[in-house]
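Just so you know, the protein sequences line up as chains W and R, in that order.
Residues 1 to 110, numbered by my numbering, are exactly what the first sequence covers, in order.
Residues 111 to 222, numbered by my numbering, are exactly what the second sequence covers, in order.
Backbone N, C-alpha and C fix where the C-beta goes; we use that ideal spot for every residue, glycine too.
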Amino acid sequence: GEDVEQSLFLSVREGDSSVINCTYTDSSSTYLYWYKQEPGAGLQLLTYIFSNMDMKQDQRLTVLLNKKDKHLSLRIADTQTGDSAIYFCAESIDTDKLIFGTGTRLQVFP
Amino acid sequence: DAMVIQNPRYQVTQFGKPVTLSCSQTLNHNVMYWYQQKSSQAPKLLFHYYDKDFNNEADTPDNFQSRRPNTSFCFLDIRSPGLGDAAMYLCATSRGANTEAFFGQGTRLTVV
Chain W
1 GEDVEQSLFL SVREGDSSVI NCTYTDSSST YLYWYKQEPG AGLQLLTYIF
51 SNMDMKQDQR LTVLLNKKDK HLSLRIADTQ TGDSAIYFCA ESIDTDKLIF
101 GTGTRLQVFP
Chain R
111 DAMVIQNPRY QVTQFGKPVT LSCSQTLNHN VMYWYQQKSS QAPKLLFHYY
161 DKDFNNEADT PDNFQSRRPN TSFCFLDIRS PGLGDAAMYL CATSRGANTE
211 AFFGQGTRLT VV
């Protein structure tokens, strides 16, 4: 079945790295995504990874995928206050649908 | 320039009074989605269109309907809004499976 879970909150100091974790249950996921949602706004795609990859780096963002454990993580280097938002992981499984995780609220303090 | 546009940004409706939310896109994407997002929850897919083909999620209440008169526009109709339907409604588009979904800013619906 389709189930995507994340921890609810993460608090980090400005300049530190943030790591947001996600677990999913459907092993047939083909693409996994990270979206960012700022207060009162829609979702913005940050990055994605294809299921045959282990890692993808894009500037301050690093995505790690452990397919065996069905675990996805997003690392944000040098976290800034502007990174404070809710982060959703999402999976697509060869359909038109995106299934979202529960979201992790990242709070960055000075 | 905004590529997925939702109107209005904020909508207040009375309990039981039909309401329509609208979404338009300039991307010419095949797929248009409607998601419901309640406070502190994940977006929940209500239904989506692949071109004119309508795909309803099994647990979407009958109270929710959708129309897609052309490629650019898609509407969400709530026939008899209840207090539990108060939420942010997000429209998204994509070219199809395993492609990036582009989201609008959302319409926040309040039911009074």
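Item                                                                                                               : Value
Cβ neighbour criterion (16 or more within 10 Å) applied to R:M142                                                  : buried
Same chain only: Cβ atoms within 7 Å of R:N166, ignoring 5 sequence neighbours per side                            : F157
R:L137 in three-state terms, based on DSSP                                                                         : coil
Extent of the continuous beta strand (DSSP E) to which W:F9 belongs                                                : 9-13
Buried or exposed (CB count within 10 angstroms, at least 16 for buried), R:D148                                   : The residue you asked about is not Asp; residue 148 of chain R is Lys in the sequence shown. Answer is exposed; the Cβ neighbour count stays below 16.
Residue-level contact to chain W via CB, R:L155, 9 Å cutoff                                                        : yes
Pick from R:K162, R:G192, R:A211 that is closest to R:P179, judged by C-alpha positions                            : R:K162
Of the residues W:F109, W:K56, W:G103, W:P110, the one placed nearest W:L43, counting alpha carbons only           : W:G103
Nonlocal neighbours in the same chain, by C-beta distance under 7 Å from W:D58, ignoring five residues either side : T47
Nearest-angstrom Cα separation, counted from R:T217 out to R:A168                                                  : 23 Å
C-beta neighbour in chain R for W:V108, strict 9 Å                                                                 : no
The segment 111-120 of chain R in contact with the segment 84-98 of chain W per 3-pair CB rule at 8 Å              : no
Cβ contact (3+ pairs, closer than 8 Å) linking the segment 131-140 of chain R and the segment 194-208 of chain R   : yes
Partners in chain W for R:N208, counting only beta-carbon separations shorter than 8 Å                             : T30, Y31, S92, D94
Closer than 9 Å to chain R by CB, W:Q44                                                                            : yes
Chain B residues whose Cβ lies nearer than 8 Å to that of R:H158                                                   : Among the protein chains in the structure shown, which are W and R, there is no chain B.
Integer-rounded CB distance, given that W:K67 should sit under 8 Å from W:S51                                      : 6 Å
Under 9 Å between C-beta atoms of W:S27 and W:K70                                                                  : yes
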